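Colleague:
In my numbering, the protein residues as written are 12 to 112.
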């Protein structure tokens with residue numbers, strides 16, 4: 012998947028890339044899924060544009076020590092897209108009727 016044109020990928024990847032993307036629950040492990048995701052990003056010139064707003068995009072909606080927060084939603088742009096959309100940002104969705112925060 013080599014994009015020489017504008018390429019944008021976004022959505023719920025359901026995959027953490029580092030320990031800063033999780034709060035609560037079991038410790039983050041850099042397992043095969045995150046490793047493959049980083050290799051895909053590197054091999055295909057994708058860059059995570061980050062997130063404006065809360066650090067996490069998902070919560071299990073439990074209380075106290077059972078609560079888990081994670082950053083699962085992402086937007087990736089290739090270098091061409093970053094040059095054309097240098098002010099692009101990704102912000103939170105409303106949590107109305109959703110587990111997204």
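Glycine included, every Cβ here is placed at the ideal spot set by N, Cα and C. These figures come from a predicted structure and were not determined experimentally.
(1) Given that a residue counts as buried once 16 or more other Cβ atoms are within 10 Å of its Cβ, and exposed if not, what is residue 27?
(2) By the 10 Å Cβ neighbour count, where 16 or more other Cβ atoms means buried, how is residue 108 classified, buried or exposed?
(3) Give me the residue from 41, 52, 44 and 47 with the minimum Cα distance to residue 19.
(4) Can you pull the DSSP bridge partners for residue 33?
(5) List the endpoints of the continuous beta strand (DSSP E) containing residue 23.
(6) At what residue ranges does the region 43 to 97 contain a whole run of the alpha helix (DSSP H), taking only runs of 4 or more?
Modeller: By the coordinates alone:
(1) As a position in the chain shown, residue 27 is number 16, starting the count at 1. So residue 27 ends up on the buried side.
(2) Within the chain shown, residue 108 is the residue found at index 97, counting from 1. Caution applies to residue 108, whose pLDDT of 44 falls short of 50 and renders its modelled position unreliable; the value that the coordinates give is listed next. The residue is exposed, with fewer than 16 neighbouring Cβ atoms inside 10 Å.
(3) Locating residue 19 in the chain shown gives position 8, counting from the first residue. For the residues 41, 52, 44 and 47, the minimum Cα distance to residue 19 belongs to 52.
(4) Position 22 of the chain shown holds residue 33. DSSP lists 81 as partners of residue 33.
(5) The count along the chain shown starts at 1 and reaches residue 23 at position 12. Here the beta strand (DSSP E) through residue 23 covers 19 to 23.
(6) Correct list: 43 to 54 and 90 to 95.
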